[in-house]
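K.L.:
Please see the structure below; I have some questions.
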């Protein structure tokens, strides 16, 4: 399947009734610090809403829950790769995206035969403290040359004005968090993103 070029990330399925009717086709649920029963309830809500709207939902981190709930996609960071059961993930038929920041992490990710590779932060980000600073669009070009047909997701500091630079540098997909979730009118911002990426 071809991934949509616009990839918002939300921390709660409550965002989905606002996003999916706008024709958002690809979302990630990155749910942190939530007890297991509530986490599974939220992922189940998200899975069902996305399937109802024909959208793709990616589960961040929680690989066992993604398997148990019959989800379709999983995203793992490098730390998550340390503990994830990759054979079980593959047996369950989950497609897999992996975060990368440097050459060693890219080598490790490629050894997992991922369904997409994410690189970030391309621009400075306020979302979380990271040991990596701005990666720059040149690194997107280098990554795309290495990974070939595997979709490349640009994340970190993205806004609508920067999206064309990311695509021109080799990104296939642009992923955004705070540009939507901190916007005064998230729905209008998502509509603008859809217009800018399709």
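In the UniProt record's numbering, the protein residues as written are 1 to 198. Glycine included, every Cβ here is placed at the ideal spot set by N, Cα and C. Bear in mind that the values here come from a model prediction, so they are computed numbers and not experimental data.
Name the two residues that bound the continuous alpha helix (DSSP H) containing residue 28.
P.N.:
Your numbering for residue 28 matches position 28 in the chain shown. That residue, residue 28, is in no alpha helix (DSSP H); its beta strand (DSSP E) goes 26–29.
K.L.:
Would you call the CB atoms of residue 12 and residue 31 closer than 9 Å?
P.N.:
Within the chain shown, numbered from 1, the residue matching residue 12 stands at position 12. Within the chain shown, numbered from 1, the residue matching residue 31 stands at position 31. Yes, Cβ-Cβ distance for residue 12 and residue 31 is below 9 Å.
K.L.:
With H, G and I counted as helix, E and B as strand and the rest as coil, what does DSSP make of residue 151?
P.N.:
The count along the chain shown starts at 1 and reaches residue 151 at position 151. Here residue 151 sits in coil by DSSP.
K.L.:
Using C-beta distances below 8 Å, list every residue in its chain close to residue 173, excluding the 5 sequence neighbours before and after it, in chain order.
P.N.:
In the chain shown, residue 173 corresponds to position 173, counting from 1. The answer, listed in chain order, is 3, 4, 5, 6, 7, 26, 116, 151, 152, 153 and 154.
K.L.:
Return the chain-ordered list of same chain residues with a C-beta closer than 7 Å to the C-beta of residue 69, the five sequence neighbours on each side being excluded.
P.N.:
The residue given as residue 69 occupies position 69 in the chain shown. The residues are 40, 43, 44 and 47.
K.L.:
Is it the case that the Cβ atoms of residue 97 and residue 118 are separated by a distance below 9 Å?
P.N.:
If you number the chain shown from 1, residue 97 lands on position 97. If you number the chain shown from 1, residue 118 lands on position 118. For residue 97 and residue 118, yes; Cβs fall inside 9 Å.
K.L.:
Per DSSP, which residues does residue 93 bridge with? Please list them.
P.N.:
In the chain shown, residue 93 corresponds to position 93, counting from 1. Bridge partners of residue 93: none, in fact.
K.L.:
Is the stretch 133–151 close to the stretch 176–189, with three or more CB pairs under 8 Å?
P.N.:
Taking 8 Å as the limit for Cβ pairs, the verdict is that the stretch 176–189 does not touch the stretch 133–151.
K.L.:
Taking residue 196 as part of the alpha helix (DSSP H), name the residues at either end of that continuous run.
P.N.:
Start at 1 with the first residue of the chain shown, and residue 196 comes out as number 196. Counting along the chain, the alpha helix (DSSP H) containing residue 196 begins and ends at 186–197.
K.L.:
Is it buried or exposed for residue 93, if we count other Cβ within 10 angstroms and need 16 for buried?
P.N.:
As a working note, residue 93 is residue 93 in the chain shown. Answer is exposed; the Cβ neighbour count stays below 16.
K.L.:
Excluding sequence positions up to five away, which residues of its chain have a Cβ less than 7 Å from the Cβ of residue 55?
P.N.:
By one-based count along the chain shown, residue 55 stands at place 55. Once the five neighbours on either side are set aside, the close Cβ partners of residue 55 are 20, 24, 25, 26 and 27.
K.L.:
Whose C-beta lies closer than 6 Å to the C-beta of residue 195 among residues of the same chain, with five residues either side of it excluded?
P.N.:
Translated into positions along the chain shown, residue 195 becomes position 195. So no residue of the chain qualifies.
K.L.:
Suppose you measure from the CA of residue 86 to the CA of residue 77; what does that come to, to the nearest Å?
P.N.:
Here residue 86 refers to the residue found at position 86 when the chain shown is read from its first residue. Here residue 77 refers to the residue found at position 77 when the chain shown is read from its first residue. Rounded to whole angstroms, residue 86 to residue 77 spans 13 Å at the Cα level.
K.L.:
Starting from residue 8, trace the beta strand (DSSP E) in both directions and tell me its first and last residue.
P.N.:
Your numbering for residue 8 matches position 8 in the chain shown. Counting along the chain, the beta strand (DSSP E) containing residue 8 begins and ends at 6–10.
K.L.:
Once you ignore the five residues that flank residue 159 on each side, which residues in its own chain have a CB closer than 8 Å to its CB?
P.N.:
For the purposes of this step, residue 159 is identified with residue 159 of the chain shown, where counting begins at 1. Excluding residues within five positions, the ones whose Cβ falls inside 8 Å are 176 and 179.
K.L.:
Can you tell which of 74, 90, 143 and 91 has its C-alpha closest to the C-alpha of residue 104?
P.N.:
Translated into positions along the chain shown, residue 104 becomes position 104. When each option's Cα is compared against that of residue 104, the closest is 143.
K.L.:
So, at 6 Å on beta carbons, what are the nonlocal neighbours of residue 212 in its own chain, with the 5 sequence-adjacent residues on each side left out?
P.N.:
The first residue shown for the chain is 1 and the last is 198, placing residue 212 beyond what the model contains.
K.L.:
Given that a residue counts as buried once 16 or more other Cβ atoms are within 10 Å of its Cβ, and exposed if not, what is residue 90?
P.N.:
The residue labelled residue 90 in the question sits at position 90 within the chain shown. That one is exposed.
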